[in-house]
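Novice: One structure, as structure tokens, below. Some questions next.
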Amino acid sequence: MSWLCSRCRQQLLFRLPRRWTRLQSTASLPEVPLGLLSRAQQLAAEHDSLNRKIAEKYDAAVAKRIGELSPTVSAVREYEKARSAWDELCSLLQSPDRELRKMAEDEVDMAKERVSLASAAVKSSLVPVHPFAHLPCLIEIRPGAGGDEAALFAGDLVNMYESYCAWAGMKTTRLQYETRVGLVAGTGNSGNNAHVQNAVIEVDSPGAYGRLRCEAGVHRVQRVPATENKGRTHTSTVSVIVLPAVPVDEGGADNFNDPKSDYYVAPDEVKLEVMRASGAGGQHVNRTESAVRLTHLPTGTVVAMQETRSQMQNRERAWKLLRARLAQRRREEREEEMAKIRRSAGAGQSGRESKVRTYNWNQQRVSDHRSGLDVRALDAVLEGGDALERVMDSVRGWMAERDVAEEVDFNH
1 MSWLCSRCRQ QLLFRLPRRW TRLQSTASLP EVPLGLLSRA QQLAAEHDSL
51 NRKIAEKYDA AVAKRIGELS PTVSAVREYE KARSAWDELC SLLQSPDREL
101 RKMAEDEVDM AKERVSLASA AVKSSLVPVH PFAHLPCLIE IRPGAGGDEA
151 ALFAGDLVNM YESYCAWAGM KTTRLQYETR VGLVAGTGNS GNNAHVQNAV
201 IEVDSPGAYG RLRCEAGVHR VQRVPATENK GRTHTSTVSV IVLPAVPVDE
251 GGADNFNDPK SDYYVAPDEV KLEVMRASGA GGQHVNRTES AVRLTHLPTG
301 TVVAMQETRS QMQNRERAWK LLRARLAQRR REEREEEMAK IRRSAGAGQS
351 GRESKVRTYN WNQQRVSDHR SGLDVRALDA VLEGGDALER VMDSVRGWMA
401 ERDVAEEVDF NH
């Protein structure tokens, strides 16, 4: 090896990192996956073909289809322009002309932002709109494996979601809150140490289902219980179910009476039972028949409610929960059939059974197994603010790409 003086050696060392940084910025550029880009370009070609067709003879159906395709076409054309400008900028970064390189370096951040925005617009234009996304929702939280630890963690999740909804400006009501000692009134606050056996939270805000449906699944907690003498970490699970709910207004009431609606339940298919309330709750417990139980005979779905002292209010809440559960069941049955068609295999949904997220106390880590995001701020996530929103947003992005990918596969 030839000998190099210290000054030359130092100059070489300073140059290499600068060139490597440029290559890194190119590699980290947000891009549209090839499958999605191909689908968007197919739709753009269809849009051009229909424009030529309607120029010869007007057709209302063709005009409507052109309007439906326009957002995707605009997005993909902007993405192609942004990507072309980025490629040209990258070539200038390698130019031997120092002034050209300096000009290109000044434009890198702006060009990358343009590609990023255009990429997001293409993905967004292809995402199918969920039919229930605009509705309020019900969140059911139930402990799974793990005994006391699972029940305690269920209480943590109740507090987390209520805090998140307050942070997001969404109204919540505890429709049901069952602890180990019995049923607690919906207006109460159990604190962080409640052993929750079952909880139902109503989020009565438009769009709540679209925002919170990403939380459905099995949430796993790994921590050392207070009763553990040897310091061993225990693993427990909690099931979170997110159901769309029809608002209690005139439109919702019409849906209840429409046999074609997912929320329609024939009254003669439901068995109504009234009984005395049990557990904690005041003087009305075991003295008035305020508790209500509804059983949907065709499916065996049972809903029990005794949160208030009024039988009428308990009945209204029970019907709301029963309709939501049956509507979700009907939708899942349709999705399962569609999944069979799309995948040409008998694979049903696995959302409720799969572990979607892990909360590790020792490492102060929250890992979402769908989006792959790891957050080392467990306490902040459980507080239900920006940290939880960041995790949820990563899952929404994953769900959007999954939905688009399924549509791409279906259209191929």
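Residue numbers are given in the UniProt record's numbering: position 111 of the sequence shown equals residue 111, and the series is strictly consecutive. Quick reminder that beta carbons are idealized off the backbone N, C-alpha and C, glycines included. The structure presented is a predicted model; accordingly, all values stated were derived computationally and were not measured.
(1) Can you pull the DSSP bridge partners for residue 137?
(2) Pull up the distance between the alpha-carbon of residue 161 and that of residue 170, whole angstroms please.
(3) Give the single residue among 269, 290, 266 whose Cα lies nearest to the Cα of residue 277.
(4) Answer yes or no: do residue 221 and residue 239 have a C-beta to C-beta separation smaller than 8 angstroms?
(5) Can you tell me which of the three DSSP states residue 225 falls into?
(6) Out of curiosity, what's the CA-to-CA distance linking residue 104 and residue 92?
(7) Residue range of the beta strand (DSSP E) that residue 160 falls in?
(8) State buried or exposed for residue 38, treating a residue as buried only when at least 16 other CB atoms are found within 10 Å of its CB.
(9) Is it buried or exposed for residue 319, if we count other Cβ within 10 angstroms and need 16 for buried?
(10) Tell me, which residues are paired with residue 209 by DSSP?
(11) Going by C-alpha to C-alpha distance, which of 376, 272, 31 sits closest to residue 112?
(12) To the nearest angstrom, how far is it from the Cα of residue 130 to the Cα of residue 334?
(13) Just to check my reading of the structure: residue 115 and residue 40 have Cβ atoms closer than 8 angstroms, yes? What is that Cβ distance to the nearest angstrom?
(14) For a quick check, are the C-beta atoms of residue 202 and residue 173 less than 8 angstroms apart?
(15) So, residue 404 versus residue 29, is the Cβ gap smaller than 8 angstroms?
(16) At the level of alpha carbons, what is the spacing between residue 178 and residue 327?
(17) With DSSP as the reference, label residue 113 as helix, strand or coil.
(18) Taking the alpha-carbon positions, what's the residue 292 to residue 316 distance?
(19) If you reduce the DSSP assignment to three classes, tell me which class residue 296 lands in.
Specialist: Taking the geometry as given:
(1) 203, 244
(2) 11 angstroms
(3) 290
(4) no
(5) coil
(6) 6 angstroms
(7) Counting along the chain, residue 160 falls outside any beta strand (DSSP E), though it belongs to the alpha helix (DSSP H) covering 148–167.
(8) exposed
(9) buried
(10) Partner(s): none; residue 209 has no beta bridge.
(11) 31
(12) 14 angstroms
(13) At roughly 15 angstroms, the Cβ-Cβ gap does not stay under 8 angstroms, so residue 115 and residue 40 are not in contact.
(14) yes
(15) no
(16) 24 angstroms
(17) helix
(18) 10 angstroms
(19) strand
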